[in-house]
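Numbering (UniProt numbering), first residue to last: 1 to 284.
First up is the structure itself, then whatever we jot down about it.
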């Protein structure tokens with residue numbers, strides 16, 4: 001397995017095992033920071049491709065703005081990405097995830113902490129593209145539109161405060177599931193801890209409104225390119241029964257790209273007749 005690579009914003013590589021972040025960094029002690037992650041793999045022309053690179057940098061900037069962090073050094077992150085891609089062994093690991101990290105920096109004051117980390121895409125993530133995912137529905141404390149009206153809850157930000165999301169996935173795995181879709185108190189379906197839901201209902205591709213949840217770059221990709229294949233993707237108020245009775249469903253994310261939902265709380269879900277076309281649109 002290829003070891004992770006670390007790059008600083010001046011474009012130099014650093015030892016991933018050497019100390020980089022101070023113990024009092026607010027990203028460590030309070031999760032006060034943002035990140036984004038993009039898939040990197042060899043493209044059709046044989047050259048490495050950072051998928052939706054500019055969109056991920058844009059989202060990093062939006063996340064930093066929501067948290068009132070200093071504006072990310074976009075050129076510096078570009079240099080770091082280039083250094084990582086140039087040093088990566090794509091023969092050994094053809095797919096990797098590059099994470100862009102920005103924290104508020106030391107609690108006592110000082111410059112923000114910023115770096116990029118590139119690591120192999122987990123084999124389990126790659127496998128889920130083919131075999132699909134069994135999901136469970138878990139409650140979340142607020143409706144999306146309520147969160148959107150509460151900026152202190154950081155709606156739309158990809159922050160380092162990911163403990164609840166990771167706890168939800170651990171809960172799912174302990175109970176025999178692969179992943180989660182959150183449900184609002186109103187009964188509306190929301191998002192997954194690290195993914196976006198799309199359902200096929202009679203050939204219509206529907207996804208929950210993104211009010212108060214993180215904008216999905218993979219969903220944007222699907223919405224942009226689906227019309228060229230004769231498909232449309234629309235936002236809709238979806239409830240659990242809309243998912244359970246669907247002709248199929250998928251979870252979309254930047255690393256996994258797409259995985260079809262095989263079951264919902266133990267109830268089997270068919271594989272959509274549109275699955276092959278959705279996968280083609282997303283270059284899976």
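Every residue gets a Cβ at the ideal spot worked out from N, C-alpha and C, and that includes glycine.
These numbers come from a predicted model, not from an experiment.
So if DSSP puts residue i in a beta bridge, which residue, or which two residues, is it bridged to?
i, result
"residue 88", "According to DSSP, which records beta bridges pairwise, residue 88 is partnered with nothing at all."
"residue 201", "204"
"residue 180", "136"
"residue 114", "102"
"residue 196", "252"
"residue 304", "Outside the displayed span of the chain (1 to 284) sits residue 304, for which this structure offers no information."
"residue 13", "7"
"residue 57", "None, per the DSSP bridge assignment."
"residue 82", "DSSP, once it has assigned bridges, lists no residue as partnering residue 82."
Candidates the options: which alpha carbon is nearest residue i's?
i, options, result
"residue 16", "134, 110, 118", "118"
"residue 4", "276, 97, 139", "97"
"residue 187", "233, 78, 27, 243", "243"
"residue 279", "260, 75, 266", "260"
"residue 249", "122, 80, 120, 204", "204"
"residue 145", "138, 34, 239, 155", "155"
"residue 339", "107, 60, 95", "The structure shown does not extend to residue 339, since the chain is modelled only from 1 through 284, so no value can be given for it."
"residue 34", "99, 21, 103, 70", "103"
"residue 22", "196, 170, 277, 105", "105"
"residue 194", "185, 135, 151, 206", "135"
"residue 55", "226, 87, 100", "100"
"residue 42", "85, 182, 200, 138", "85"
"residue 196", "202, 185, 211", "211"
"residue 59", "284, 240, 213", "213"
"residue 286", "151, 191, 157, 185", "Residue 286 lies beyond the residue range present for the chain, which begins at 1 and ends at 284; the question has no answer from this structure."
"residue 74", "10, 201, 122, 271", "10"
Go ahead and pull the three-state DSSP assignment for residue i.
i, result
"residue 76", "helix"
"residue 120", "strand"
"residue 227", "helix"
"residue 95", "strand"
"residue 280", "helix"
"residue 151", "helix"
"residue 292", "Nothing in the structure corresponds to residue 292, since the chain is present only between 1 and 284."
"residue 41", "strand"
"residue 18", "coil"
"residue 52", "coil"
"residue 67", "coil"
"residue 189", "strand"
Quick test of the definition: if touching needs 3 or more C-beta pairs under 8 angstroms, does the stretch 253 to 265 touch the stretch 30 to 45? Here the stretch 253 to 265 makes contact with the stretch 30 to 45; the two share three or more CB pairs at distances below 8 angstroms.
Which runs of the beta strand (DSSP E) spanning at least 3 residues fall entirely within the stretch 231 to 271, listed in chain order? Scanning the stretch 231 to 271 from its first residue to its last, the whole beta strand (DSSP E) runs of 3-plus residues come out as 233 to 235, 248 to 253, 257 to 264.
Pairing CB atoms from the stretch 56 to 73 with CB atoms from the stretch 106 to 122, are three or more of them under 8 angstroms? Per the Cβ contact rule, the stretch 56 to 73 is in contact with the stretch 106 to 122 (3 or more Cβ pairs under 8 angstroms).
At least three beta-carbon pairs within less than 8 angstroms, the stretch 175 to 183 to the stretch 217 to 236: No: the two stretches stay apart, fewer than three of their Cβ pairs being nearer than 8 angstroms.
Counting beta carbon pairs with one atom in the stretch 128 to 145 and one in the stretch 47 to 58, are three or more of them shorter than 8 angstroms? With the cut-off at 8 angstroms, the stretch 47 to 58 and the stretch 128 to 145 do not touch.
At a cut of 8 angstroms, does the stretch 161 to 176 reach the stretch 218 to 227 through at least three beta carbon pairs? Between the stretch 161 to 176 and the stretch 218 to 227 there are fewer than three C-beta pairs closer than 8 angstroms, too few to call the two in contact.
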